[in-house]
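S.K.: Note that my numbering has the sequence shown beginning at -10, numbered continuously upward.
Handing you this structure, nothing more for now.
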Amino acid sequence: METNQSIKAQIVAIIILVIVSAIWHPTITKALSLNQIKNSFMTNQIMKKNLKMNEKTPLNITKLEIKPINSELNQDVDSLKIEIDIDELRQIKTARKKALELEKKKEEERKKAEEKAKADEAAQKLTSQSGSGISYDELVNKLNRSLNSTLAGKGESFAKYSVELGINPYLAVAIVLHETGCKWNCSSLLRKCNNVGGMKGSPGCNGGSYKAFPSLDEGIKAFMNNLYKNYYAVGLTTPETIGPKYAASTSWPSKIRTYMNEIEAK
């Protein structure tokens, strides 16, 4: 809603415009107050007084009217009569504000739709490596069907980082299930220290060699970044190529491959 000061400024601007117009056309500006609006007209002296408005002038003007000063001009130029309703000005401003808000909302929805389309495209590309591609939402649901215990409902996080980094989501979740036991009940390393991939580092979990993370989401993000930087970025993108570097067991790749097949089949 407009402040009194801004409304006064608009009224003064309109009055000044009327005065300038009066140089070319003999017109007079009449300001009608709430008490005068029905049957009274302002005299020239009242108008002159109003032209000297200051901050103490009560803001009781609801309508401005411009009309010819004499009857002869009134007969010839009746179309010069103009009425400006202050409440209508407020309504126009409110409508304009709502229109801008609606436009902003549409722009946000457009950006979200574009982001969703990009995510769907990336998800379809990643999941088509081993079969038919699926949308981003379908990928999230599929991953959630394989995540249990502490990782239940975290399919969105794995899907998000997989799409951003270009990692096979089935491979990433398969490694997590194998390393943490979250196909059934997650290990104490994950439950106590949010370590989802058996990563080592400091600060250590309970003083040990495995790294502790302040939150589960940070642990997932760190695991996905580690998988990208130390494996995917150097061309190690399958269980068979990752295995020799990631784990000492020679059966590790086949176990990961089994998990991947199970996740994709759900």
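Even glycine gets a Cβ: it sits at the ideal position worked out from N, Cα and C.
Since the model is a prediction, treat every value here as computed from it, not as a measurement.
Can you tell me which of the three DSSP states Tyr199 falls into?
M.R.: In this structure, Tyr199 counts as strand in the three-state DSSP scheme.
S.K.: List in chain order: all unbroken alpha helix (DSSP H) runs of 4+ residues lying wholly within the region 97 to 164.
M.R.: Complete alpha helix (DSSP H) runs here, min 4: 125 to 133, 144 to 154.
S.K.: Is DSSP giving Gly193 helix, strand or coil here?
M.R.: In this structure, Gly193 counts as strand in the three-state DSSP scheme.
S.K.: Express the C-alpha separation of Lys101 and Asn233 in angstroms, rounding to a whole number.
M.R.: According to the sequence displayed, residue 233 carries Pro and not Asn. If I take the Cα positions, the gap works out to 41 Å.
S.K.: For the alpha helix (DSSP H) containing Met249, name the first residue and the last one.
M.R.: Met249 -> alpha helix (DSSP H) spans 241 to 254.
S.K.: Using the Cα positions of Leu89 and Glu77, report the straight-line distance between them to the nearest angstrom.
M.R.: The straight-line gap from Cα to Cα measures roughly 18 Å.
S.K.: Let's see if you can read the secondary structure: which residues bound the alpha helix (DSSP H) around Cys182?
M.R.: Start and end: 177 to 182.
S.K.: Here's the rule I'm using: 16 or more other beta-carbon atoms within 10 Å means buried, otherwise exposed. How should Thr169 be labelled?
M.R.: Thr169 is buried by the Cβ-count criterion.
S.K.: Measuring alpha carbon to alpha carbon, tell me which of Asn183, Thr116, Ala111 ends up nearest Leu140.
M.R.: Of Asn183, Thr116, Ala111, the residue nearest in Cα terms is Asn183.
S.K.: What residue range does the alpha helix (DSSP H) around Thr230 cover?
M.R.: That run of the alpha helix (DSSP H) goes 228 to 235.
S.K.: Please report how far the alpha carbon of Tyr125 lies from the alpha carbon of Gly197, in whole angstroms.
M.R.: The alpha-carbon atoms of Tyr125 and Gly197 are separated by roughly 37 Å.
S.K.: Are the CB atoms of Ile245 and Pro228 within a distance shorter than 8 Å?
M.R.: Yes, these two residues count as a Cβ contact at 8 Å.
S.K.: Does the Cβ-Cβ distance between Lys332 and Lys189 come in under 8 Å?
M.R.: Nothing can be reported for residue 332: it is not among the residues displayed for the chain, which extend from -10 to 255.
S.K.: Quick check on the burial criterion: 16 or more other C-beta atoms within 10 angstroms. Buried or exposed for Ala106?
M.R.: Looking at its Cβ environment, which holds fewer than 16 other Cβ atoms inside 10 Å, Ala106 is exposed.
S.K.: Nearest to Asn214 by alpha carbon, out of Lys93, Thr239, Ser117, Pro158?
M.R.: For Asn214, the nearest C-alpha among the options comes from Pro158.
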